[in-house]
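Residue numbers (the working numbering): 5 to 652.
The C-beta atom is built at its ideal place from N, Cα and C for all residues, glycine as well.
What you are looking at is a predicted structure, and each value in this text was computed from that prediction instead of being measured.
Worksheet for the structure shown next.
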Ligand code: ADP
Ligand code: MG
């Protein structure tokens with residue numbers, strides 16, 4: 005007797021469920037896609053307890069015929085593919101016929117559906133993959149699927165679910181994504197009694213962006229219009245004499261992107277769709293980042309909502325069971341097309357930021373023209389969250405550059421004179437030893453050309469004045485500096501708070517305790533972080549039902565700001581700290597305190613204050629970016645100044 009046995013469908017479904025159904029949001033995704041595939045125009049999603057207790061999706065799509073309603077729960081039953089050739093050009097969101105049987109195998113599922121072609125509808129009840137009942141049902145055309153008690157029969161999986169809030173956040177983000185991809189459909193998402201999203205069908209993407217994100221974000225965005233690129237594709241594997249005309253494929257890109265003034269700390273505001281399908285894709289992500297290369301700091305991300313449409317044959321969506329990854333047949337073409345389109349838009353609408361208006365004598369191509377081949381090779385070695393080395397700005401300190409059109413990684417800078425001798429970076433005060441005579445024959449001091457900014461230079465910055473009562477202008481030995489006074493002070497205070505933590509921090513007692521009313525969620529967060537808050541200089545204690553009394557606060561946080569700081573900390577705690585380490589939580593609290601206590605912009609500073617600020621900044625460990633990741637200082641290097649004046 006052999007040892008190999010064929011698995012029963014029951015077990016196979018449970019295994020597939022492990023791949024397709026990771027968490028409540030994956031269920032929502034599959035059901036939502038089915039509703040869209042069924043041509044629905046209105047989709048209502050109701051969840052309870054973050055989707056663990058209940059997920060219900062009701063649509064007004066074409067429903068299912070009686071026979072199909074049962075068949076849909078058979079493994080690999082789908083109405084969307086009929087032969088393997090269809091796999092080459094998938095136009096629907098679903099196609100594997102795996103979702104319904106998988107979901108049904110790990111939950112209690114109720115299907116209520118009716119096709120307009122039949123008089124009555126069908127009601128099917130399934131639990132743990134076993135059909136409990138199948139009956140007639142009176143209802144309007146469309147489909148409602150209710151999932152209760154997800155993973156009730158898979159305790160191991162259930163244990164891995166995150167908190168209700170986290171699961172809900174995943175669902176909300178997912179529904180938001182789909183609503184953006186389908187502006188002409190209406191979506192409603194309810195969590196228990198609460199409406200989380202409710203958007204009526206509209207005609208344009210812009211209207212949908214407005215509905216979802218509001219006017220403020222819309223104002224930061226640029227409509228990129230429609231970009232097209234035709235690519236001729238030779239017919240593969242055909243002898244030359246038999247090959248006909250090469251076929252042409254059109255790639256089309258549309259959507260909205262933010263200008264360089266928007267700098268996000270993570271990728272959460274990047275929404276990428278390929279043929280209407282929400283995807284995570286390294287090639288597209290890299291193309292987008294390359295488009296912004298040098299326009300925003302290396303560790304920051306734009307807001308982007310991009311739709312790439314192409315011939316279904318150009319993209320393989322059958323790479324991942326949850327269909328969130330794709331493989332492009334001509335990924336290099338796709339990459340360069342997207343990068344160039346983004347770059348083009350950003351260059352066209354060159355922002356007034358920085359000193360970019362200074363005429364830069366440059367005949368180099370703008371932007372990062374990292375060839376795709378090089379990129380893909382690097383991708384093999386490095387995680388894409390780490391930009392390839394040549395993508396890092398020329399300066400290593402995280403200082404953003406003034407000029408937008410700074411050539412990157414250009415092999416031989418034009419200013420490399422014959423007799424120049426580059427000194428390796430990091431060899432203190434290095435740089436190019438260039439005798440640079442100006443037109444009058446004078447030679448500039450060598451030190452003026454130090455190219456890699458040493459933080460040393462910070463120590464002897466000489467404040468010249470303030471720009472708009474917000475930015476300190478300072479002369480340094482390596483160029484002209486602009487320092488954002490608010491974020492500079494924020495950095496100083498942040499490090500101070502972190503240092504003092506737990507060691508009798510400087511506090512100010514309040515004459516009258518401030519009493520704060522907390523929501524249920526905030527109450528939970530408060531209990532979790534109270535000790536940490538106290539170590540940072542807050543003196544708080546519970547004060548009746550969902551109420552706390554604040555008796556003292558860190559020195560520097562004004563009485564009027566205490567409430568704001570605490571609520572801000574609770575909010576971050578709710579959103580981020582749950583996943584974060586204790587250390588991250590401390591940093592978050594310290595950053596929030598520092599931000600509130602720091603001098604603001606639009607505030608006049610006298611000479612002594614400016615000097616003090618620059619000196620204190622120079623003493624910090626990380627003087628170049630604020631605790632939230634924003635740049636603190638911009639530098640216009642001597643070299644750039646000289647080049648702009650045609651002096652080198
Ligand atoms: P797939 O979407 O890959 O075909 P599913 O398991 O998700 O596989 O669904 C199986 C089949 O059930 C679909 O092919 C479709 O015919 C039918 N179906 C599922 N959901 C709906 C719905 N909301 N409306 C109409 N038909 C549906
Ligand atoms: Mg499906």
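- Measure how close the beta-carbons of residue 349 and residue 226 come, nearest whole angstrom, since I'm counting them as under 8 Å. As a working mapping, residue 349 is identified with position 345 in the chain shown. As a working mapping, residue 226 is identified with position 222 in the chain shown. Contact flag correct, Cβ pair sits at about 6 Å.
- Distance between beta carbons of residue 171 and residue 67, contact taken as under 8 Å: For this step, residue 67 is matched to residue 63 along the chain shown. For this step, residue 171 is matched to residue 167 along the chain shown. The beta-carbon distance between residue 67 and residue 171, rounded to whole angstroms, is 29 Å. This is too long to meet the 8 Å contact definition.
- Task: Spatial neighbours of residue 375 within its chain, please: CB distance less than 7 Å, with the 5 preceding and 5 following residues excluded, ordered by chain position.
- Result: To locate residue 375, count along the chain shown from 1; it is residue 371. Model confidence at residue 375 stands at a pLDDT of 37, short of 50, so the residue's coordinates are unreliable; what they give is reported in the following sentence. Correct list: empty, nothing qualifies.
- Query: Is residue 153 near the ligand ADP, judged by its Cβ being under 6 Å from some heavy atom?
  - Reply: Reading the chain shown from its first residue, position 149 is the one you call residue 153. For the ligand ADP, not one heavy atom lies less than 6 Å from the Cβ of residue 153.
- Task: Consult DSSP for residue 207 and reduce its assignment to one of helix, strand or coil.
- Result: Stepping through the chain shown from its first residue, residue 207 is reached at position 203. Secondary structure of residue 207 (DSSP, three-state): coil.
- Item | Host beta strand (DSSP E) of residue 310 (start-end) | Along the chain shown, read from residue 1 onward, the residue named residue 310 stands at position 306. Boundaries of the beta strand (DSSP E) around residue 310: 308 to 313.
- Any chance the CB of residue 279 is under 6 Å from a heavy atom of the ligand ADP? Counting from 1 along the chain shown, the entry for residue 279 is found at position 275. No, Cβ of residue 279 sits at least 6 Å from all heavy atoms of the ligand ADP.
- Message: I need the boundaries of the alpha helix (DSSP H) containing residue 648, first residue and last residue.
- Response: The sequence position of residue 648 within the chain shown is 644, counting from 1. Unbroken alpha helix (DSSP H) run through residue 648: 642 to 648.
- Query: In three-state DSSP terms, what is residue 571?
  - Reply: Translated into the one-based positions of the chain shown, residue 571 becomes position 567. In this structure, residue 571 counts as helix in the three-state DSSP scheme.
- When DSSP labels each residue in this structure, what does residue 175 get in the three-state scheme? By one-based count along the chain shown, residue 175 stands at place 171. Helix at residue 175.
- Query: Hey, how far is the Cα of residue 630 from the Cα of residue 491?
  - Reply: Indexing the chain shown from 1 puts residue 630 at position 626. Indexing the chain shown from 1 puts residue 491 at position 487. Taking the straight line joining both Cα atoms gives about 6 Å.
- Query: Going by Cα to Cα distance, which pick from 338, 32, 567, 585 is closest to residue 174?
  - Reply: Start at 1 with the first residue of the chain shown, and residue 174 comes out as number 170. Distance check between residue 174 and each of 338, 32, 567, 585 places 32 closest, using alpha-carbon atoms only.
- Message: I'd like the span of the beta strand (DSSP E) that includes residue 231, first residue to last.
- Response: Working through the chain shown from its first residue, we reach residue 231 at position 227. Element bounds for residue 231: 225 to 237.
- Going along the chain, which residues of its own chain have a beta-carbon closer than 6 Å to the beta-carbon of residue 182, five neighbours each way excluded? Here residue 182 refers to the residue found at position 178 of the chain shown. Cβ-Cβ distances below 6 Å link residue 182 to 36 in the same chain, with the five nearest sequence neighbours on each side left out; the list follows chain order.
- Message: For residue 150 and residue 588, what's the separation of their Cα atoms in angstroms?
- Response: Position 146 of the chain shown holds residue 150. Position 584 of the chain shown holds residue 588. Put simply, the backbone Cα of residue 150 is about 39 Å away from that of residue 588.
- Query: With respect to the alpha helix (DSSP H) encompassing residue 525, which residues constitute its N-terminal and C-terminal limits?
  - Reply: Start at 1 with the first residue of the chain shown, and residue 525 comes out as number 521. Residue 525 -> alpha helix (DSSP H) spans 524 to 539.
- Task: Go ahead and pull the three-state DSSP assignment for residue 251.
- Result: Numbered from its first residue, the chain shown carries residue 251 at position 247. Residue 251 falls in the strand class under three-state DSSP.
- Query: What runs of the alpha helix (DSSP H), each 4 residues or longer, lie entirely inside the region 153 to 202?
  - Reply: Entirely contained in the region 153 to 202, the alpha helix (DSSP H) runs reaching 4 residues are, in chain order, 159 to 164, 168 to 185.
- Where residue 499 and residue 524 are concerned, what is the direct C-alpha to C-alpha distance, given to the nearest angstrom? Your numbering for residue 499 matches position 495 in the chain shown. Your numbering for residue 524 matches position 520 in the chain shown. When rounded, the distance between both Cα atoms is 32 Å.
- Query: Using the C-alpha atoms, what's the distance from residue 180 back to residue 14?
  - Reply: Stepping through the chain shown from its first residue, residue 14 is reached at position 10. Stepping through the chain shown from its first residue, residue 180 is reached at position 176. Distance between the alpha carbons of residue 14 and residue 180: 34 Å.
- Message: With three or more beta-carbon pairs closer than 8 Å as the criterion, would you say the region 559 to 572 touches the region 605 to 625?
- Response: Judged by Cβ distances under 8 Å, the region 559 to 572 makes no contact with the region 605 to 625, as fewer than three pairs qualify.
- Taking 6 Å as the line, does the beta carbon of residue 26 fall inside it for any heavy atom of the ligand MG? By one-based count along the chain shown, residue 26 stands at place 22. Residue 26: no, Cβ never under 6 Å from the ligand MG.
- Task: Output the distance between the C-alpha atoms of residue 128 and residue 534, rounded to the nearest integer angstrom.
- Result: Position 124 of the chain shown, counted from the first residue, corresponds to residue 128. Position 530 of the chain shown, counted from the first residue, corresponds to residue 534. Our two residues, residue 128 and residue 534, have alpha carbons roughly 50 Å apart in a direct line.
- Task: Taking only the alpha-carbon atoms, compute the straight-line gap between residue 65 and residue 205 and give it to the nearest angstrom.
- Result: Taking the chain shown and counting its residues from 1, the one referred to as residue 65 is at position 61. Taking the chain shown and counting its residues from 1, the one referred to as residue 205 is at position 201. Distance between the alpha carbons of residue 65 and residue 205 is about 15 Å.
- Message: Just to confirm my understanding: we take residue 212, look at its own chain, exclude 5 residues before and 5 after, and list those with CB closer than 8 Å. What are they?
- Response: What you label residue 212 is simply residue 208 of the chain shown in a count that begins at 1. Cβ within range, chain order: 183, 184, 187, 203, 206.
- Taking all protein chains shown into account, do 16 or more other C-beta atoms lie within 10 angstroms of the C-beta of residue 365, making it buried, or fewer, making it exposed? Walking along the chain shown from the start, residue 365 turns up at place 361. Any reading at residue 365 needs caution, since the residue's pLDDT is 27, under 50, leaving its predicted position unreliable; the model's value is listed next. Counting Cβ neighbours within 10 Å, residue 365 comes out exposed, since fewer than 16 surround it.
- Compute the distance between the beta-carbons of residue 108 and residue 133, then report whether it is under 7 Å. Taking the chain shown and counting its residues from 1, the one referred to as residue 108 is at position 104. Taking the chain shown and counting its residues from 1, the one referred to as residue 133 is at position 129. At a Cβ-Cβ threshold of 7 Å, residue 108 and residue 133 count as neighbours.
- Message: For residue 664 and residue 308, what's the separation of their Cα atoms in angstroms?
- Response: Here the chain has residues from 5 to 652 only, and residue 664 is not among them.
- Message: Are there any heavy atoms of the ligand MG lying less than 6 Å away from the beta-carbon of residue 103, as far as the coordinates show?
- Response: Taking the chain shown and counting its residues from 1, the one referred to as residue 103 is at position 99. Residue 103 Cβ: within cutoff of the ligand MG.
- Where residue 38 falls, given that 16 or more other Cβ within 10 Å makes a residue buried: Start at 1 with the first residue of the chain shown, and residue 38 comes out as number 34. Residue 38 should be labelled buried.
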